[in-house]
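*Asks:* Per our numbering, the very first residue in the sequence shown carries number 704; after that it's consecutive. Don't be surprised by glycine CBs; every beta carbon is placed ideally from N, CA and C. These figures come from a predicted structure and were not determined experimentally. Have a look at this one.
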Amino acid sequence: MNYKVAITSGKGGTGKTTVAVNLFSAIHKNWTKKVQLADCDVEEPNDLLFFKNATLVSNDTVNQPVPKIDESKCTFCRKCEEYCEFNAITIIPSVNYAAVDPNLCHSCGACLHACEYGAIEDQPHAIGQIAHYQTEAKAAIAEGSLRIGSPMQTRVIKDLKACVNEDSDIVIFDAPPGTSCPVVETVSDVDYVILVTEPTPFGLYDLRLTVDLMREMNKPFGLVINKAGLGDSAVYQYLKEEKIDLLAEIPFNKEYAVQYAKGNLLSDIPPVIEKEYNKLADYLKNRIKND
């Protein structure tokens, strides 16, 4: 059984991907080679941008079952249309028209239950892809990508999580930002969650929402403060009041931000920053031993 860690943040731009990529690299370099990074931010995956010359190992299509209506069997009674909670079915009896919009369908199966004439059956509909890569250092990365226009992030994330390497010692899930369904799906069965925030009023506001979600889901979690040294001290007061573990502080460094913008996140890491990621990796290592 591998140990699953999700890294998420209440808002975009806090440095979630920075933490995920660097932690993955630190674990692979100093702890175990059997670590995998899975990019679950399927609407905009970008973890792979920071690994030069990664080799594509496999690429699989993610399909969603979408109903198709056989007009030769359909009586155009509109019962399936009434059952559909997502307005994905259009029935026009006057012109014998029946169709399902795959972009609105959530594959709930209500229409299949509603139809009494056997006029509806599921067919596969592509909504995204899952790609597996290997870095130059022989590290494994999996990436989910959603088809543009599809609302089914959670299905792609679920399939991505299902295909991680079972022999990995630890899997790092880079979750989407926010507190919506894709985040819930990503962290639903992980062993530990690392929250990333910045010491600003906006960062604290969204952190509160994320903390409420983690507690509602009964997930153990700790916090990493990125861009430490900017903003104010309100987030530190909040951690103290809520008794939340501060796992690491990544200091703001202009040159490091420049490296990020160039896609060189893993090159020339300042020692003070590298020390924090190694400390975070050691924390997880000790936590696994004690769990």
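What did DSSP end up calling Leu969 once you bin it into helix, strand or coil?
*Replies:* Three-state result, Leu969: coil.
*Asks:* According to DSSP, simplified to helix, strand and coil, what is Ala817?
*Replies:* In this structure, Ala817 counts as helix in the three-state DSSP scheme.
*Asks:* For Leu907, collect the residues of the same chain with a Cβ closer than 8 Å to its Cβ; drop the 5 residues on either side in sequence, then sort them by chain order.
*Replies:* The residues are Thr900, Ala937, Val938 and Tyr941.
*Asks:* What residue from Met704, Pro748, Gln767 and Ala757 has the CA that sits closest to Thr721's CA?
*Replies:* If we check each option's Cα against that of Thr721, Pro748 comes out closest.
*Asks:* Where Lys714 and Leu910 are concerned, what is the direct C-alpha to C-alpha distance, given to the nearest angstrom?
*Replies:* Near 8 Å, if we compare the C-alpha coordinates of Leu910 and Lys714.
*Asks:* Quick one, which of Glu952, Ala843, Lys771 and Glu746 has its alpha-carbon nearest Gly812's?
*Replies:* Nearest C-alpha to Gly812: Lys771.
*Asks:* I need the straight-line Cα distance from Gln826 to Ile851, nearest angstrom please.
*Replies:* Going by the C-alpha atoms only, they are around 20 Å apart.
*Asks:* Determine, using beta carbons only, whether Asp773 and Glu824 come nearer to each other than 9 Å.
*Replies:* Their beta carbons are under 9 Å apart, which means Asp773 touches Glu824 by this criterion.
*Asks:* Distance check for Asp985 and Glu977, CA to CA, integer angstroms please.
*Replies:* If I take the Cα positions, the gap works out to 12 Å.
*Asks:* Any idea if Met704 is buried or exposed, counting beta-carbon neighbours within 10 angstroms, 16 or more meaning buried?
*Replies:* The residue in question, Met704, is exposed, as its Cβ has fewer than 16 Cβ neighbours within 10 Å.
*Asks:* Could you round the C-beta distance between Ile710 and Val765 to whole angstroms and report it? I think they count as a contact, below 8 Å.
*Replies:* Wrong, their Cβ atoms sit about 22 Å apart, outside the cutoff.
*Asks:* Look at Tyr786 and Cys808 and say whether their C-beta atoms are less than 9 Å apart.
*Replies:* In this structure, Cys808 does not lie closer than 9 Å to Tyr786 by Cβ.
*Asks:* Between the C-alpha atoms of Phe876 and Ala741, what's the straight-line distance to the nearest angstrom?
*Replies:* Approximately 5 Å between the Cα atoms of the pair.
*Asks:* At the level of alpha carbons, what is the spacing between Lys963 and Pro974?
*Replies:* Lys is not the amino acid found at residue 963; the sequence shown has Tyr there. Distance between the alpha carbons of Tyr963 and Pro974 is about 16 Å.
*Asks:* Is Leu759 helix, strand or coil when you go by DSSP?
*Replies:* Of the three classes helix, strand and coil, the one that applies to Leu759 here is strand, per DSSP.
*Asks:* Does the ligand FAD have a heavy atom nearer than 8 Å to the CB of Gly881?
*Replies:* Within the structure as shown, the ligand FAD is missing, as the structure has no ligands at all.
*Asks:* Just the Cα atoms here: how many angstroms apart are Glu958 and Asp971?
*Replies:* Using only the alpha carbons, I get a separation of about 10 Å.
*Asks:* So Leu950 and Ile991 are in contact, right, with Cβ under 8 Å, and what is the actual spacing, rounded?
*Replies:* Not a contact, Cβ separation roughly 14 Å.
*Asks:* Run through DSSP, which three-state label would Asp825 get?
*Replies:* Correct three-state label for Asp825: strand.
*Asks:* To which residues of the same chain is Thr857 closer than 7 Å at the C-beta, ignoring the five residues directly before and after it?
*Replies:* Taken in chain order, the residues that qualify are Cys884, Pro885 and Glu888.
*Asks:* What runs of the beta strand (DSSP E), each 3 residues or longer, lie entirely inside the stretch 831-906?
*Replies:* Fully enclosed beta strand (DSSP E) runs of 3 or longer: 843-849, 873-877 and 895-900.
*Asks:* With Phe753 as the anchor, note down where its beta strand (DSSP E) starts and where it stops.
*Replies:* It is not in any beta strand (DSSP E) - Phe753 carries neither H nor E in the DSSP assignment.
*Asks:* To which residues does DSSP link Ile710 through a beta bridge?
*Replies:* Paired residue(s): Asp877 and Ile897.
*Asks:* Quick one: what's got a C-beta closer than 7 Å to Asn686's C-beta in the same chain, skipping five residues either side?
*Replies:* No answer is possible for residue 686: it lies beyond the span of the chain, which begins at 704 and ends at 994.
*Asks:* Which term fits Thr717, buried or exposed, when burial requires 16 or more other beta carbons within 10 angstroms of its beta carbon?
*Replies:* Buried is the call here.
*Asks:* Return the CA-CA distance between Gly932 and Leu849, expressed in angstroms with no decimal places.
*Replies:* Those two C-alpha atoms are separated by around 36 Å.
*Asks:* Going by C-alpha to C-alpha distance, which of Tyr800, Gly821, Gln767 and Leu987 sits closest to Ser810?
*Replies:* Nearest C-alpha to Ser810: Gln767.
*Asks:* If you count every other CB in all the chains shown that lies within 10 Å of the CB of His816, and 16 or more means buried, which is it?
*Replies:* Its Cβ having fewer than 16 others within 10 Å, His816 is exposed.
*Asks:* Cα separation between Ala840 and Gly966?
*Replies:* Cα to Cα, Ala840 sits roughly 17 Å from Gly966.
*Asks:* So, at 7 Å on beta carbons, what are the nonlocal neighbours of His731 in its own chain, with the 5 sequence-adjacent residues on each side left out?
*Replies:* Cβ within range, chain order: Val738, Ala840 and Ala842.
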